[in-house]
Amino acid sequence: MPAGTIDWVERLHALVDEAAAPVERASAERLRCRAGCSDCCVDGLTVFTIEAAVIRRHHADLLATAAAHPPGACAFLDGDGRCRIYAHRPYVCRTQGLPLRWLEEDEIDEEIIESRDICPKNVDGGPPLEELEADACWTLGPFEQRLAQRQHETDGERGERVALRSLFASEGDRRRLPVIGS
Ligand code: SF4
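Just so you know, we're using the numbering used here here: the sequence shown kicks off at 107 and counts up by one.
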């Protein structure tokens, strides 16, 4: 992966954090997101290879020598429910917990429909989601599009993704274990 591409992803992550900060401040009273809460750190997450390259750049030792969290939660969680790559976590992890909104076109009426959602732990302590101003929510779409565009430019339009769990060498070893018994 070209170093310039990895640098670009890191700048994008910084922009995401910057853009998410006012949304987080606006919802501060309702957010129960704390170190050790890992409800959104589910197993099976995949990321574009350009984001995986950020993790590989900063956490080579961890990936080479540490064990992944057992299946059932994200491989990068430690035993206390904390992210072991927090500063370099992927885009998808940076806005979880915030009030989210996204726009979709209704296929029948061809109208733009807005949907909203939030972690169940963050429902209380603030106005109903539907009453929030749009800029008090994180809008899904624009940053995802930028990431996807860069990924497609990098890998010849394949849009390749990789499972977070698969980044651990120990997981590779596990996959290579012979099947015992019948
Ligand atoms: S990378 Fe970190 S923040 Fe993202 S799901 Fe895994 S443990 Fe959670």
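Ideal Cβ positions, reconstructed from N, Cα and C, are used throughout, including at glycine.
If you're wondering where the values come from, they're calculated on a predicted model, not measured in any experiment.
Check                                                                                                : Outcome
Cβ-based neighbour list, residue 107, same chain, cut-off 6 Å, excluding 5 preceding and 5 following : 159
Within 5 Å of ligand 1: residues by beta-carbon to any heavy atom                                    : 147, 180, 182, 183, 189, 195, 199
Candidates 224, 267, 183, 260: closest to residue 138 by CA position                                 : 224
Contact set for residue 238: own chain, Cβ-Cβ below 7 Å, skip 5 residues either direction            : 205
Residue from 168, 172, 217 with nearest C-alpha to residue 194                                       : 168
Beta-carbon spacing of residue 262, residue 135 below 9 Å                                            : no
Helix, strand or coil at residue 201 [DSSP, three-state]                                             : coil
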